[in-house]
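Start counting the sequence shown at 398; every next residue gets the next number (the working numbering). In what follows, a structure is listed as structure tokens, so that the remarks can point back to it.
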Amino acid sequence: ARAAADTIKCILKGQNSIVVKLQSKFPEIKFKVRVAALGFRDIDDKDIQFHESVWSSDNHFTEETNKAIRFIDTLLASPSGGGDLAEDLWGAISRCANWNSP
């Protein structure tokens, strides 16, 4: 879990972030990166199956990468499971497909 959190931080912040790379390649464009996160568990976990980011005005996406990183850290701090049903990947994709953004 720690490696996943560190990878996400590197992608969003610092000299090797997505924004830095895009700005160096396309200096004439001002980029805005919006981030959303969804934690998902097993198909049979019911009420705790999904944990999604919801920011101001009920938007799932934010430009505040520090908020997103803290949310992801929270998700990764309490992993669970093992030896049971598969994680609900298709349910997670379906849920994200209906998210709203600013």
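Even for Gly, the Cβ is constructed at its ideal location relative to N, Cα and C.
* So does the segment 462-478 actually touch the segment 401-421, counting three or more Cβ pairs closer than 8 Å? -> yes
* Any contact of the segment 445-456 with the segment 410-420, i.e. 3+ C-beta pairs under 8 Å? -> The segment 445-456 makes no contact with the segment 410-420: fewer than 3 CB pairs, one atom from each, lie closer than 8 Å.
* Asked: How many whole angstroms separate the CB atoms of Phe447 and Ala489, which I take to be in contact at a CB cut-off of 8 Å?
  -> By one-based count along the sequence shown, residue 447 stands at place 50. By one-based count along the sequence shown, residue 489 stands at place 92. Sure, about 7 Å apart at Cβ, within 8 Å.
* Do Asp470 and Ala402 have their CB atoms nearer than 9 Å? -> Position 73 of the sequence shown holds residue 470. Position 5 of the sequence shown holds residue 402. Their beta carbons are under 9 Å apart, which means Asp470 touches Ala402 by this criterion.
* Asked: Looking at the unbroken beta strand (DSSP E) that takes in Phe437, where does it start and where does it end?
  -> Along the sequence shown, one-based indexing puts residue 437 at 40. Element bounds for Phe437: 435-437.
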